[in-house]
Amino acid sequence: MSEHILAAEAKPWRDEMAKPFVRIRGISKFFGDLAAVDDVSLDIYRGELFCLLGGSGCGKSTLLRILAGFETPSAGSIEIDGQDMTGVGANLRPTNMMFQSYALFPHMSVEKNIAYGLLREGVSKSEAMSRTADMLSLVKLDGFARRKPHQLSGGQKQRVALARSLIKQPKLLLLDEPLGALDKKLREETQFELIRIQEDLGVTFIVVTHDQEEAMTLSTRIGVMDAGRIVQVGEPRQIYETPNSKFVADFIGSVNIFDGEVDVAAPDMMRVNTAEGAILCEPLAGLKARQKLHIAVRPERIQLSRAPLELANSMPGMVEEVAYLGNLSIYRVRLEGGQCLKVSAANGLHEENPITWDEPVFVGWSSTASLVLIA
Amino acid sequence: MRLRFTPVMALLGFIFLYGPIASLVIYSFNESKLVTVWGGWSLKWYGELFANQQIMDAAWLSLRIAAISASAAVVLGTMMAMVLVRFGRVRGKGLMSGMITGPLVMPDVIIGLSLLLLFVSMQGLIGWPSGRGFTTILIAHITFGMAFVAVVVQSRLSDMDDSIEEAALDLGASPLRVFFDITLPMITPALISGWLLAFTLSLDDLVISSFVSGPGASTLPMVIFSKVRLGVSPDINALASLIVLVVSIGIITAAILMRKKP
Chain A
1 MSEHILAAEA KPWRDEMAKP FVRIRGISKF FGDLAAVDDV SLDIYRGELF
51 CLLGGSGCGK STLLRILAGF ETPSAGSIEI DGQDMTGVGA NLRPTNMMFQ
101 SYALFPHMSV EKNIAYGLLR EGVSKSEAMS RTADMLSLVK LDGFARRKPH
151 QLSGGQKQRV ALARSLIKQP KLLLLDEPLG ALDKKLREET QFELIRIQED
201 LGVTFIVVTH DQEEAMTLST RIGVMDAGRI VQVGEPRQIY ETPNSKFVAD
251 FIGSVNIFDG EVDVAAPDMM RVNTAEGAIL CEPLAGLKAR QKLHIAVRPE
301 RIQLSRAPLE LANSMPGMVE EVAYLGNLSI YRVRLEGGQC LKVSAANGLH
351 EENPITWDEP VFVGWSSTAS LVLIA
Chain B
376 MRLRFTPVMA LLGFIFLYGP IASLVIYSFN ESKLVTVWGG WSLKWYGELF
426 ANQQIMDAAW LSLRIAAISA SAAVVLGTMM AMVLVRFGRV RGKGLMSGMI
476 TGPLVMPDVI IGLSLLLLFV SMQGLIGWPS GRGFTTILIA HITFGMAFVA
526 VVVQSRLSDM DDSIEEAALD LGASPLRVFF DITLPMITPA LISGWLLAFT
576 LSLDDLVISS FVSGPGASTL PMVIFSKVRL GVSPDINALA SLIVLVVSIG
626 IITAAILMRK KP
């Protein structure tokens, strides 16, 4: 199918000797006194689909604009494919960008929009037109060549914008919220389309998104950003299963957080005192008694039962709310200490006598399900 | 009882605004030699008007000045608007963006007087412009026309999505190329309406022109004004009707173009 080595399979970031394709070193950007991007260093490898994930105003878009050359960083350097990008204008960089607003040229037809980059490169008109036609079929828009942007739907505009940004076969494609303006169903379809195109062409993608589900689906690796800094970089599974801070745990997926301090730190077990009593977790090297920390437990790791549970952690509580979502149900369980726990459980078929409102229940989870977060 | 805006009120308003102009237009078709006495319909005064060499010369001068000054104002005003909207932090930008509306609100007498003083002292210092006439009127009209164009283009530019221009830059177009390929076609309606505005204002101007004009360079409004001081002759009505026609076409076109989405 494809002769490119897929970064998704090779996982070059696990290899210490691998040469990064994009090297971001100590990039900062100040707007007045405010640091939009604060000392970010990042290595991105060839063929990756890297997601920059964060809430609005976390600096992810600014970082993308610095990569594209629209913003000059206040400090730091960027290298793309071994070339230093300092002082290289946006029109001379080996990158292309797909804009959140799509930024199609309103006075040009679809065809002219897509061919624009090639014609600026000095490609002959006939070649540009044939490559444009190929690109149109790649994004499944054959027959739309002569339309004007205002005659297209949101999804079609999105694909024109993608085709236009890919036509010059950039080494690096930057995508700013590429699916942000699409409705949910179209977004899900387009996600897989984006992965297919990325793998077919072997282009390195850097995607900015605020949607954690999108980031999980698309990316080889995710960089979580907060207040201008990269908080954690890792594969989607790493980020979800071993978040390194309360912020990341809370931002990716939903989570229950207990604040507490270490009671006993033995080599085989650790006990943490919280407002809900003692919680058992896997020991973490270097932790001493009285150390303050957070325990995070994912809702799907918690079991719910009418009888006490034979697990490392088991607590009584009262069901306050049940939300039926079809494949699963979300329960809100009030514990005796006053904290409310979110528990999700898969629904069986024709379940008799399911747990419901105002029922006294027990929640429980294993010691490995307690994620210990220091920050 | 609630006060309502009735068609009668609208009619009264229109009469208040346009009644004098309408009577002027009607009297331009008056047969009688006396301006205030109705003597039946005729196109006589239009014929007399076109036979009057002094008025024809003045009209030609006014049209030339209006066309050239509007064109120059569009170029300079667009450059100014680009600097104000698209270029990040430029030293003195705040001051410039405040001063741009100066010619719009400053009394014509003051603009005229200050330009006259400027031209006189420039002539004394560098010998240019030698005397006052066509060139000085042109420069004066470019000055205030530019401010109007800049305001019109500025509003269009700030409505425009910056990322469209960035996209072109990103696809390898040089900044100059981006301006001609993307920005210019998108602001064309604003340029046309700015041009028409500057053209009409230049055609209308009496006060500033009177200050900076010299012998042999009398614009149409100046000729009309001097004729009227000796008594209103009916051919002036005909001329005024024609000016009303040209100006209305200009203003209406400008308004339509401004409303049109890019």
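Chains as they are written, first to last, in our numbering: chain A, 1 to 375; chain B, 376 to 637.
Don't be surprised by glycine CBs; every beta carbon is placed ideally from N, CA and C.
Contact under 9 angstroms by Cβ, residue i with residue j
i              : j              : result
L544 (chain B) : F105 (chain A) : no
E177 (chain A) : H210 (chain A) : yes
G589 (chain B) : T511 (chain B) : yes
G317 (chain A) : F251 (chain A) : no
G223 (chain A) : L49 (chain A)  : no
L686 (chain B) : F425 (chain B) : The displayed coordinates of chain B run from 376 to 637. Any statement about residue 686 (chain B) would go beyond what the structure contains.
P73 (chain A)  : I44 (chain A)  : no
T173 (chain A) : S165 (chain A) : In the sequence under discussion, the amino acid at residue 173 (chain A) is Leu, which differs from the Thr named in the question. In this structure, S165 (chain A) lies closer than 9 angstroms to L173 (chain A) by Cβ.
A548 (chain B) : Y102 (chain A) : no
G155 (chain A) : L182 (chain A) : yes
A615 (chain B) : L399 (chain B) : yes
L335 (chain A) : P299 (chain A) : no
V40 (chain A)  : G228 (chain A) : yes
A456 (chain B) : V524 (chain B) : yes
A163 (chain A) : M129 (chain A) : no
L280 (chain A) : N313 (chain A) : yes
K171 (chain A) : I80 (chain A)  : yes
M584 (chain B) : G520 (chain B) : As written in the sequence, residue 584 (chain B) is Ser, which differs from the Met given in the question. No, the pair does not count as a contact, with Cβ atoms beyond the cut-off.
Span of the beta strand (DSSP E) around residue i
i              : result
P504 (chain B) : No beta strand (DSSP E) holds P504 (chain B); DSSP gives it neither H nor E.
D39 (chain A)  : L34 to I44
V208 (chain A) : T204 to T209
V248 (chain A) : That residue, V248 (chain A), is in no beta strand (DSSP E); its alpha helix (DSSP H) goes K246 to F251.
W570 (chain B) : Here W570 (chain B) belongs to no beta strand (DSSP E); instead the alpha helix (DSSP H) covers L559 to D579.
L280 (chain A) : G277 to C281
P360 (chain A) : P360 to W365
A345 (chain A) : C340 to A346
A296 (chain A) : K292 to V297
T132 (chain A) : T132 (chain A) -> not in any beta strand (DSSP E); alpha helix (DSSP H) instead, spanning K125 to L138.
Residue i classed as buried or exposed, judged by whether at least 16 other C-beta atoms fall within 10 angstroms
i              : result
H516 (chain B) : buried
M561 (chain B) : buried
T356 (chain A) : exposed
V484 (chain B) : exposed
S437 (chain B) : buried
M431 (chain B) : exposed
V506 (chain B) : Here residue 506 (chain B) turns out to be Gly, not Val, going by the sequence shown. Exposed.
F205 (chain A) : buried
F258 (chain A) : buried
E380 (chain A) : Outside the shown range of chain A (1 to 375) lies residue 380 (chain A), about which nothing can therefore be said.
Q198 (chain A) : buried
M665 (chain B) : Shown here, chain B extends from 376 to 637; a query on residue 665 (chain B) therefore has no answer.
G337 (chain A) : exposed
F31 (chain A)  : exposed
S2 (chain A)   : Its pLDDT being 44, under 50, S2 (chain A) is placed unreliably in this model, and the value from its coordinates should be taken loosely. It is exposed - the Cβ of S2 (chain A) has fewer than 16 other Cβ atoms within 10 Å.
G143 (chain A) : exposed
N353 (chain A) : exposed
T381 (chain B) : exposed
F462 (chain B) : exposed
R306 (chain A) : exposed
Inter-residue CB distance, residue i and residue j (contact presumed, cutoff 8 angstroms)
i              : j              : result
L311 (chain A) : S370 (chain A) : At roughly 11 angstroms, the Cβ-Cβ gap does not stay under 8 angstroms, so L311 (chain A) and S370 (chain A) are not in contact.
N273 (chain A) : E261 (chain A) : 6 angstroms
G477 (chain B) : A522 (chain B) : 7 angstroms
L571 (chain B) : T628 (chain B) : 6 angstroms
V652 (chain B) : G569 (chain B) : The structure shown does not extend to residue 652 (chain B), since chain B is modelled only from 376 through 637, so no value can be given for it.
P596 (chain B) : D580 (chain B) : 7 angstroms
Extent of the continuous alpha helix (DSSP H) run through residue i
i              : result
F462 (chain B) : Careful: F462 (chain B) lies outside any alpha helix (DSSP H) and carries neither H nor E.
G388 (chain B) : P382 to Y402
D610 (chain B) : P609 to R634
Y421 (chain B) : K419 to A426
D262 (chain A) : First, the residue type needs correcting, since residue 262 (chain A) is Val and not Asp in the sequence shown. Per DSSP, V262 (chain A) belongs to no alpha helix (DSSP H); it is in the beta strand (DSSP E), N256 to A265.
Residue i: CB within 8 angstroms of a non-hydrogen atom of the ligand ADP
i              : result
L174 (chain A) : The ligand ADP is not part of this structure, which contains no ligands at all.
ask   = When Cβ atoms are compared, which residues of the segment 110 to 123 of chain A fall closer than 7 angstroms to chain B?
value = Y116, G117, R120 and E121
request  = With 9 angstroms as the C-beta to C-beta threshold (strictly closer), list the residues of the segment 532 to 549 of chain B near chain A in chain order.
outcome  = D536, D537, S538, I539, E540, E541, A542, A543, L544, D545, L546, G547, A548 and S549
query = What residues in the segment 85 to 107 of chain A have a beta carbon less than 7 angstroms from any beta carbon of chain B?
reply = A90, N91, N96, M97, F99, S101, A103, F105, P106 and H107
request  = Anything in the segment 549 to 561 of chain B with a Cβ closer than 9 angstroms to a Cβ of chain A? List those residues in chain order, please.
outcome  = S549, P550, R552, V553, D556, I557, P560 and M561
ask   = Taking any Cβ of chain B, which residues in the segment 143 to 157 of chain A have a Cβ under 7 angstroms from it, in chain order?
value = If the cut-off is 7 angstroms between Cβ atoms, the segment 143 to 157 of chain A has nothing near chain B.
key: Short-range partners of chain B found in the segment 60 to 71 of chain A, where Cβ spacing is below 7 angstroms   = A68 and F70
ask   = Mind listing which residues of the segment 167 to 187 of chain A have their C-beta closer than 8 angstroms to chain B's C-betas, in chain order?
value = K168
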